[in-house]
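Asker: Chains A and B are the protein sequences, given in the same order. FYI, in our numbering the residues of the first sequence are 243 to 601. FYI, in our numbering the residues of the second sequence are 21 to 313. Beta carbons are placed, not taken as given, at the ideal position from N, Cα and C, and that holds for glycine. Structure incoming, see below.
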Amino acid sequence: MTNTVSLLDVEMRFAASLAIRRMSLEVRSGEFFSILGPSGCGKTTLLRMISGFLQPTSGKILIDGQDMRDVPANRRSTAMIFQSLALFPLMPVWENIAFGLEVRGMSKARRRQEAERLLELIALPGYGERMPHELSGGQRQRVAIARALAIEPKVLLLDEPLSALDLKLRQRMRAELRELQKRTGVTFIYITHDQSEALAMSDRVAVMSAGELQQVGEPLELYTNPATAFVAEFVGENNIMSGTVIDTFGDYAVLEGAHGRFVGRRSATLRPQMKARLYVRPESLSVDRQETENRLVAISKRFDFEGAFATAHAVVPHDSDPLSVQLAIPHQHLGQAPDIGKSFVAGFSRQDAVVLAHE
Amino acid sequence: MNEITQRFGRPLGACFILLVLLWLAGLVLVPNLTMLDFALRPNLPATQLGGPKDGYSFDNFLYLWNHPSHGWIFLKTIWSSALVTVLTFLICYPLAYWLGQVSTPRQTSALLVLLTVPYLMNEVLRGLAWYIILAFDGPLNAALVHLGLLSEPVRWYGDGGVLAGMAYAYLLFMLLPIYNSVSTLDHAQIDAARDLGAGTLRIHRRVVLPHAKVGIATGCVFTFMLAAGSYMAPALLGAPGSRWFTQLIYDWFFESGNWNRGAAYGVTLLVLCLVAVLGMLRLFQVNLTSAVK
Ligand SMILES: Nc1ncnc2c1ncn2[C@@H]1O[C@H](COP(=O)(O)OP(=O)(O)OP(=O)(O)O)[C@@H](O)[C@H]1O
Ligand SMILES: [Mg+2]
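Take a look at the structure:
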């Protein structure tokens, strides 16, 4: 598989701060690639470097194998969907969509035709004569996408395009975007700070924190095998136990903390005496288990029924450091759920837990 | 009307409306009607006022019509004012764009202060400053000759001098409205246009200019009206032979003592300028209310 976008040791320094530190990244052609990270971690900066609005302080950006240094934004085969959409308010929808074609010197008749074809694609046929302010939020969103697709970019860059929409519409647009990407085969680089969005839509996800790449992988990989404590805590829900590594054997590590001794899978670099955290997903923590290791005695506090499953919130009592834990209980097992206020034993298998270094 | 009484209450609202009406009547309606009245009467010695010869006629307007040389001066005034407007626009648009979209807040305020400071001085002094700069043995000629750009001093007074002096005098009236409207353009739109492949010229033609249209129209109307009605710059900086229409009006009033003919000339200037402005707005496809806002 070829790479559409490659970043080689890219660094971006603003006057006061280092926004991106030495980052290398490969985006394959035709994939839906998400960049996930908290606010201010450098996602927009990264996107603006790929689109050509910012020059990296050092390092190289390649698009289709070509070095992009000295190639200005208007000559790159990328198209960007801005957080604010940035539709041109004084042009009707069809002129918005055909703007990139106008630039390329296409005749007016053909532009109209092309705009109509794209309006079909985004399921807004006949909306060409409307002005942008006469559209709903979701429709504007789709027009912005059509405008970007019109120039047949190799890469479509999307900067949190759904963040302004309400939840229902956001969910629908997610599905539409995903579908559109499959249909057009264009490489999407999609920025979001919403981890569930990234997991649901992407072929691969890059997790960023403070200008650094934490992990790149498929959603399932990130979920089951987080490479760093940051990823384990940012992606999905996790129960966290802190302590010190007292032993490692094979792929496993033993962690001792305030609440006992636990065994879980480890990363290759983990050594005894290191401070670490053990992570176990709420759905991997269960009541009915007869484990000999990895047992916790907890008191049930609260119970949130969420349909397909319920979340039990419990506390492992401790003088100085009581530990909150969550269990996800599938609805057909609700009979075994612990009664509120009662103490119960929860356990997890070493396979389902990860131990990761945490200063 | 209703909105005003609702917002301020009946007595206060009525007060405001009354004040506005008084202002309109006192400063707009009455003087202009008086002017018109003057323009339509013959110029008579005081003893014959109210006598049989004192009646309304278009004689004063016809006088202008029958003196082609005055008509030419009028056309030249309109034409030069249009030129001043275009020149000022060409200077101000890039500046306004830079101020509204590119500069940092500190640069913006620094430049705006620098541009405003000369306006604290009164208009005559500003005109005199140009008078001195453009003088035959003044600093501009001296500098250019010294730099070797000119082999001998040039006579700047005349149309060129008037143009420069006016463009300078009305800079802010053009700059501020354009800056105002350019600064409300979301920069992402410029980025989006560039991202879609547009070059600088197309970005301005398709995105920035349409957005700033109202501001540009406002600036052009201000500048044009001010230039056409200007007296001081042409008097100071013009060549002796080339006169501005306002100078003709002045002469009728104060040299010939013929207020009636002066008034007729004044009314003509006012009306034709208004026609020119409305034509300009039509050209820009902007309506008057949004331009005045
Ligand atoms: N033009 C700039 N000048 C100086 N610092 C900047 C500039 N642009 C961004 N930064 C800094 O770089 C860091 C990354 O900013 P960036 O906009 O890329 O964050 P982000 O991940 O997109 O955040 P968000 O999710 O809130 O949009 C921030 O600390 C920001 O303050
Ligand atoms: Mg951002």
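1) Determine the extent of the beta strand (DSSP E) in which F274 (chain A) is found, giving its start and end residues.
2) Closer than 7 Å to a non-hydrogen atom of ligand 1 - does that hold for the CB of A261 (chain A)?
3) Tell me whether T434 (chain A) counts as near ligand 2, meaning its Cβ is closer than 7 Å to at least one heavy atom of that ligand.
4) Go ahead and label I488 (chain A) buried or exposed: buried means 16 or more other beta carbons lie within 10 angstroms of its beta carbon, across all protein chains shown.
5) Can you check whether the CB of E402 (chain A) is closer than 8 Å to the CB of T434 (chain A)?
6) Can you give, in chain order, each stretch of the alpha helix (DSSP H) that sits fully within the stretch 254-341 of chain A and has at least 4 residues?
7) Looking at chain A, is there any beta carbon in it that lies within less than 8 Å of the beta carbon of L216 (chain B)?
8) Would you verify that the beta carbon of C293 (chain B) is, or is not, closer than 8 Å to some beta carbon of chain A?
9) How should T238 (chain B) be labelled, buried or exposed, when 16 other C-beta atoms within 10 angstroms of its C-beta is the threshold for buried?
10) Return helix, strand or coil for H231 (chain B), following the three-state DSSP convention.
11) Between the stretch 325-343 of chain A and chain B, which residues of the former have CB atoms less than 7 Å from a CB of the latter, in chain order?
12) Can you list, in chain order, the residues of the stretch 272-295 of chain A whose Cβ is nearer than 7 Å to any Cβ on chain B?
13) Pairs of beta-carbons, one from the stretch 233-248 of chain B and one from the stretch 192-199 of chain B, closer than 8 Å: are there three or more?
14) M322 (chain A) CB to nearest chain B CB: under 8 Å?
15) How would you label V397 (chain A), buried or exposed, when you count the other beta carbons within 10 angstroms and need 16 or more for buried?
16) Can we count C112 (chain B) as close to ligand 1, meaning its CB is less than 7 Å from some heavy atom?
17) For a test of the three-state rule: what should DSSP assign to S528 (chain A), helix, strand or coil?
18) Counting only beta-carbon separations shorter than 8 Å, does I610 (chain A) have a partner in chain B?
19) Can you tell me whether DSSP reads P580 (chain A) as helix, strand or coil?
20) Could you tell me which uninterrupted alpha helix (DSSP H) segments, each at least 4 residues in length, are contained entirely in the stretch 85-109 of chain B, listed from first to last along the chain?
21) State yes or no: is the C-beta of L64 (chain B) within less than 8 Å of the C-beta of D57 (chain B)?
22) Is the Cβ of V428 (chain A) closer than 8 Å to any Cβ of chain B?
23) Do the CB positions of N633 (chain A) and Y521 (chain A) come within less than 8 Å of each other?
24) What does DSSP give as the partner residues of K424 (chain A) in its beta bridges?
25) Tell me whether G284 (chain A) counts as near ligand 1, meaning its Cβ is closer than 7 Å to at least one heavy atom of that ligand.
26) I'd like the list of long-range same chain contacts for R61 (chain B), defined as Cβ closer than 7 Å, with 5 residues on each side in sequence excluded.
27) Alpha carbon to alpha carbon, what distance is there between A474 (chain A) and Q457 (chain A)?
28) I'd like to know if R372 (chain A) contacts chain B, where contact means its C-beta is closer than 8 Å to some C-beta of that chain.
29) Does the Cβ of S281 (chain A) lie closer than 7 Å to at least one heavy atom of ligand 1?
30) Who are the Cβ neighbours of F147 (chain B) in its own chain at under 8 Å, not counting the five residues just before and after it?
31) Please report how far the alpha carbon of K313 (chain B) lies from the alpha carbon of R352 (chain A), in whole angstroms.
32) Mapping the DSSP letters down to three states, classify G120 (chain B) as helix, strand or coil.
33) So which residues on chain B does I393 (chain A) lean against when the C-beta distance must stay under 8 Å?
34) For the alpha helix (DSSP H) holding G180 (chain B), just list the boundary residues, first then last.
35) Name the chain A residues that come within less than 7 Å of V227 (chain B), Cβ to Cβ?
36) Count the other C-beta atoms from every protein chain shown that fall within 10 angstroms of the C-beta of V202 (chain B), then say buried if there are 16 or more, exposed otherwise.
Answerer: Looking at the atomic coordinates:
1) Your numbering for residue 274 (chain A) matches position 32 in the first sequence. Counting along the chain, the beta strand (DSSP E) containing F274 (chain A) begins and ends at F274 to L278.
2) Start at 1 with the first residue of the first sequence, and residue 261 (chain A) comes out as number 19. Yes.
3) To locate residue 434 (chain A), count along the first sequence from 1; it is residue 192. T434 (chain A) Cβ: outside cutoff for every heavy atom of ligand 2.
4) To locate residue 488 (chain A), count along the first sequence from 1; it is residue 246. Answer is exposed; the Cβ neighbour count stays below 16.
5) What you label residue 434 (chain A) is simply residue 192 of the first sequence in a count that begins at 1. What you label residue 402 (chain A) is simply residue 160 of the first sequence in a count that begins at 1. Yes, the pair counts as a contact, with Cβ atoms nearer than the cut-off.
6) 285-293
7) By 1-based counting over the second sequence, the position of residue 216 (chain B) is 196. Yes, its Cβ sits closer than 8 Å to a Cβ of chain A.
8) Here residue 293 (chain B) refers to the residue found at position 273 when the second sequence is read from its first residue. False, the Cβ-Cβ gap to chain A never drops below 8 Å.
9) One-based indexing of the second sequence puts residue 238 (chain B) at position 218. Answer is buried; the Cβ neighbour count reaches 16.
10) For the purposes of this step, residue 231 (chain B) is identified with residue 211 of the second sequence, where counting begins at 1. Helix, per DSSP.
11) S326, A328, F330, L332, F341 and G342
12) S293 and F295
13) yes
14) As a first step, residue 322 (chain A) must be located in the first sequence, where it is residue number 80. Yes, contact with chain B.
15) Here the question's residue 397 (chain A) lines up with position 155 in the first sequence. Buried, since its Cβ has 16 or more Cβ neighbours within 10 Å.
16) Indexing the second sequence from 1 puts residue 112 (chain B) at position 92. The answer is no for C112 (chain B).
17) For the purposes of this step, residue 528 (chain A) is taken as the residue at position 286 of the first sequence. It is a strand residue.
18) Nothing about residue 610 (chain A) can be read from this structure; chain A reaches only from 243 to 601.
19) Residue mapping note: residue 580 (chain A) aligns to position 338 of the first sequence, counting from 1. Of the three classes helix, strand and coil, the one that applies to P580 (chain A) here is coil, per DSSP.
20) none
21) The count along the second sequence starts at 1 and reaches residue 64 (chain B) at position 44. The count along the second sequence starts at 1 and reaches residue 57 (chain B) at position 37. No, Cβ-Cβ distance for L64 (chain B) and D57 (chain B) is not below 8 Å.
22) Counting from 1 along the first sequence, the entry for residue 428 (chain A) is found at position 186. Closer than 8 Å: no.
23) What the structure shows of chain A is the stretch from 243 to 601, and residue 633 (chain A) is not part of that stretch, so it cannot be assessed.
24) As a first step, residue 424 (chain A) must be located in the first sequence, where it is residue number 182. Note: K424 (chain A) sits in no beta bridge, so no partner.
25) As a working mapping, residue 284 (chain A) is identified with position 42 in the first sequence. Correct: G284 (chain A) has its Cβ closer than 7 Å to ligand 1.
26) The count along the second sequence starts at 1 and reaches residue 61 (chain B) at position 41. Cβ within range, chain order: D74, Y76 and N280.
27) Working through the first sequence from its first residue, we reach residue 457 (chain A) at position 215. Working through the first sequence from its first residue, we reach residue 474 (chain A) at position 232. So the two alpha carbons sit approximately 10 Å from each other.
28) As a first step, residue 372 (chain A) must be located in the first sequence, where it is residue number 130. Closer than 8 Å: no.
29) Residue numbering aside, residue 281 (chain A) sits at position 39 when the first sequence is read from its first letter. Yes - ligand 1 has a heavy atom lying nearer than 7 Å to the Cβ of S281 (chain A).
30) Counting from 1 along the second sequence, the entry for residue 147 (chain B) is found at position 127. Note that residue 147 (chain B) is Gly in the sequence shown, not Phe. Cβ within range, chain order: G185, A189, M252, A253, L256 and L257.
31) Residue mapping note: residue 313 (chain B) aligns to position 293 of the second sequence, counting from 1. Residue mapping note: residue 352 (chain A) aligns to position 110 of the first sequence, counting from 1. Bear in mind that the predicted position of K313 (chain B) carries a pLDDT of just 48, short of 50, making it too unreliable to give a figure here.
32) Your numbering for residue 120 (chain B) matches position 100 in the second sequence. If DSSP states are grouped into helix, strand and coil, G120 (chain B) belongs with the helices.
33) Residue mapping note: residue 393 (chain A) aligns to position 151 of the first sequence, counting from 1. Chain B residues near I393 (chain A): L216 and G217.
34) Walking along the second sequence from the start, residue 180 (chain B) turns up at place 160. Per DSSP, G180 (chain B) belongs to the alpha helix (DSSP H) from D179 to A189.
35) As a working mapping, residue 227 (chain B) is identified with position 207 in the second sequence. Within chain A, the residues near V227 (chain B) are F330.
36) Sequence index remark: in the second sequence, residue 202 (chain B) carries index 182 (1-based). Answer is buried; the Cβ neighbour count reaches 16.
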